[in-house]
Amino acid sequence: DKLEMPVLGIDLILMGGTRLLFGIDFAPLSRDPAYLNTYCEVPLAAIREKFKNYDGLFTTPGTKLYGEDPEFFSPAMLFSRAGLEHMSPDGPLVKVLQDASSAYAEMLSGTHLGGPISWGTRGEVRWQHTRYDAWHKQRDPAIRIFKKVFGEETTESFVDKVLFPWAKTMKRRSKAFRKGECSILRLMQRESMKLHTKSQAPKHGQTPEPKRVPMSQRSVTKASMLQYLVDSQVAYEAFEELTAVNSAVAALHDTGLERVELLKQDIADVASREGLGVPKASENATAYAELLRELATTDTPRFVCHWYNHHFAHTAGGRMIYAMARKKAFGSDGGPPLGFWEKYPKAGPSNDYTQLLSVARYRVETCAANWSEESRRACAEETPRAFQMSGGLLKSLWVEE
C-alpha cells in the first residue's frame with residue numbers, strides 16, 4: 001500500500017557564504033488531485049502553518065529551470081531563501097527539516113493511509129520512478145555544475161549509478177511488454193495487423209485496400225461531430241462503469257485514459273456554441289454499450305480486447321481523424337480544441353498521454369497474467385469484432401452525400 005509514496009527531496013545549498021537555498025518536497029509520482037492532497041498538500045501545509053509567524057521564511061521557487069507547474073514537484077513544496085542564521089541548531093529551518101522528516105517517516109509507516117490512489121502495482125510504480133529519474137536527469141542544474149568541477153566522465157557515472165539510476169532504463173520500460181508469446185498485447189497486435197492496410201500500417205499491414213470513399217473526400221458537419229461525441233460518451237461510460245465494478249478488469253480503471261467528463265464538457269460547449277440540440281445516441285453506440293456490458297460479465301478476455309483496441313485506437317488513428325474532421329466541421333482553423341482528443345489531466349502539465357499508454361499496456365498484461373491459452377486465444381480472436389463495433393461509431397461522424 002505504500003509503493004506509490006512520493007519521493008522525499010531535500011536541497012540545502014549555500015550561496016555566497018551567507019544565503020541559503022533550502023527546499024523540502026514530497027515529490028509526487030502522480031498529478032491526481034487526490035494523490036497530491038493526501039501525500040503532499042496535507043502534510044506539508046501543516047508544517048508551513050506551524051512556521052507562519054516567521055515572516056518571509058518561505059517563498060516561491062523560480063520557474064526558469066522547471067517551468068510553471070513542474071510534474072515532479074508538489075504545489076506544497078517548502079522553499080526558502082533565508083539567511084544562514086536560520087540554519088542554526090535552534091533555527092526554524094532545522095525544525096522544518098525535523099518536522100518534514102518525521103512526517104515522511106509517519107507516511108512510511110502507513111498507519112493513516114488507505115489503499116493506493118494512483119498506482120497499485122509494483123510495475124506501475126517502477127515506471128513512475130523511471131520517468132521521475134529521466135525527467136530530472138534532463139533538467140537538474142546541478143549536473144552542469146558537477147561536469148565543470150568533476151569532469152564529464154565522473155559526472156555521468158555518478159548520475160547513472162547514484163543520482164538518477166533508472167533514467168537509463170526509460171527506453172526499455174516504456175514498451176511495457178512481457179517477453180515472448182505470452183504477451184497478450186503481442187497476440188492482439190498480430191490480429192490487428194491482419195485488419196490494417198499497408199497505408200494504415202506500412203510495415204505490417206496485411207489487408208487489401210478497400211474500395212471506399214477516402215476520408216479526405218468525406219463530409220463532416222457540426223451536427224455530425226456532435227453526434228459522434230454523444231456516441232463516444234455512451235461507449236466510454238460503459239467502459240468506465242464496468243471497470244469500476246468488475247474486479248477482473250479493475251486494473252483498467254482510472255488509467256488516465258478516461259474520457260467521459262471531457263466528452264460531457266465538449267458536448268455542452270459544441271451544442272451551446274453552435275446552437276445545436278444534443279441528439280440521442282445512435283443505435284450503433286447503444287448496441288456497442290450493450291455488448292460491452294454482456295462481455296464484462298460473461299467473457300472477460302473478450303472485454304479486455306475491446307477496451308484495449310478502443311482506447312489505443314483513439315490515441316492513434318483517432319487523432320488523425322480528429323485533425324481532418326475538425327477542419328471539415330468548424331473551418332480551416334479547426335475551431336476551439338476538443339478535450340476528448342486534446343486533454344489528459346492525469347498526465348500532469350506535460351499532457352503527455354504516451355506515458356499513460358505505457359502504464360495501460362502494463363495493466364492489460366496484468367489482467368491476462370493468469371489466463372489460460374484458451375482465454376488468450378479468445379481475447380486475440382475478438383479483435384475483428386472490436387474493430388467493427390468501435391469503428392461503427394465513426395458512421396455518425398461522416399455525412400452521407
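Using this note's numbering, the first residue of the sequence shown is number 1, and each one after it goes up by one.
Ideal Cβ placement from N, Cα and C applies to all residues, glycine included.
Nearest candidate by alpha-carbon position, reference residue i, set the options
i	options	result
N370	I143, V249, E290	V249
D266	D25, L229, V125, V94	L229
P279	Q233, E261, K328, N53	Q233
A142	R81, A105, A238, D11	D11
S402	H253, P6, F340, L20	Residue coverage of the chain in this structure runs from 1 to 401, which leaves residue 402 outside it and unanswerable.
L195	Q388, F158, S396	Q388
S224	W398, G23, I13, N53	W398
G392	A347, S282, A325	S282
D69	E373, T286, H86, P345	P345
F146	V159, H136, W135, F72	V159
K222	A360, A271, E156, V162	A271
P33	A235, E71, L8, T59	E71
D254	V359, P337, T300, S102	V359
P6	G23, G16, P28, M15	P28
T38	M107, L292, G317	M107
Y54	W135, R293, V162, A82	A82
M402	F22, H112, R218, Y35	Since the first and last residues shown for the chain are 1 and 401, residue 402 lies out of range.
A316	G9, T354, D299	T354
W166	R302, R126, L84	R126
T300	G123, E374, K161	E374
L8	S74, T60, P61	S74
S30	D90, W341, Y104, P349	P349
A238	G339, L291, G277, L257	L291
F241	Q227, L226, R259	This sequence places Glu at residue 241; Phe is not what is there. Ranking Q227, L226, R259 by Cα distance to E241 puts R259 first.
Helix, strand or coil at residue i according to DSSP, with G and I counted as helix
i	result
V7	strand
S372	coil
D25	strand
L78	strand
L20	strand
G256	coil
S446	With the chain running from 1 to 401 in the structure shown, residue 446 is simply not present.
E382	coil
G123	helix
A391	Here residue 391 turns out to be Gly, not Ala, going by the sequence shown. DSSP places G391 in helix when its eight states are reduced to three.
G83	strand
Y54	coil
I321	helix
W135	helix
T59	coil
F150	helix
F239	helix
Y166	Just to set this straight, residue 166 is Trp in the shown sequence, not Tyr. Coil, per DSSP.
A281	coil
G339	helix
P349	helix
F73	coil
D99	helix
S429	Given that the chain is displayed from residue 1 to residue 401, the structure contains no residue 429 and the question cannot be resolved.
I117	coil
H310	helix
K64	coil
A316	coil
H112	coil
Y39	helix
D299	coil
S358	helix
R377	helix
R178	Because the pLDDT of R178 is 47, which lies under 50, any placement of that residue in the model is unreliable, and the number read from its coordinates should be weighed accordingly. Coil at R178, not helix or strand.
P141	helix
L93	helix
D231	helix
R326	helix
Rounded distance between the beta-carbons of residue j and residue i, thought under 8 Å
i	j	result
S80	T383	With a Cβ gap of about 56 Å, S80 and T383 do not count as contacting.
M188	C379	7 Å
H306	A386	5 Å
N284	D333	The Cβ separation is near 30 Å, so there is no contact.
S183	E365	7 Å
R376	L252	No, R376 and L252 are not in contact; Cβ-Cβ is about 17 Å, not under 8 Å.
F340	L262	5 Å
In DSSP terms, what residue i is bridged to
i	result
S219	V399
I13	L21
Proximity test, residue i beta-carbon vs the ligand GDP heavy atom, cut-off 7 Å
i	result
L113	The ligand GDP is absent from the structure shown, which contains no ligand whatsoever.
Chain C within 8 Å of residue i, Cβ atoms only
i	result
P141	Here chain C cannot be found, since the structure has a single protein chain.
Check: Does the segment 84-99 come close enough to the segment 123-132 that 3 or more CB-CB pairs lie under 8 Å?
Finding: Contact fails: fewer than three Cβ-Cβ distances are below 8 Å.
Notebook entry, point to check: On the three-pair Cβ rule with 8 Å, is the segment 55-73 touching the segment 113-127?
Noted result: Touching, no, given that fewer than three Cβ pairs across the two stretches are closer than 8 Å.
Next item on the list: For the segment 314-332 and the segment 45-54, state whether three or more C-beta atom pairs, one from each stretch, are separated by less than 8 Å.
Entry: Result no; under three Cβ-Cβ pairs closer than 8 Å.
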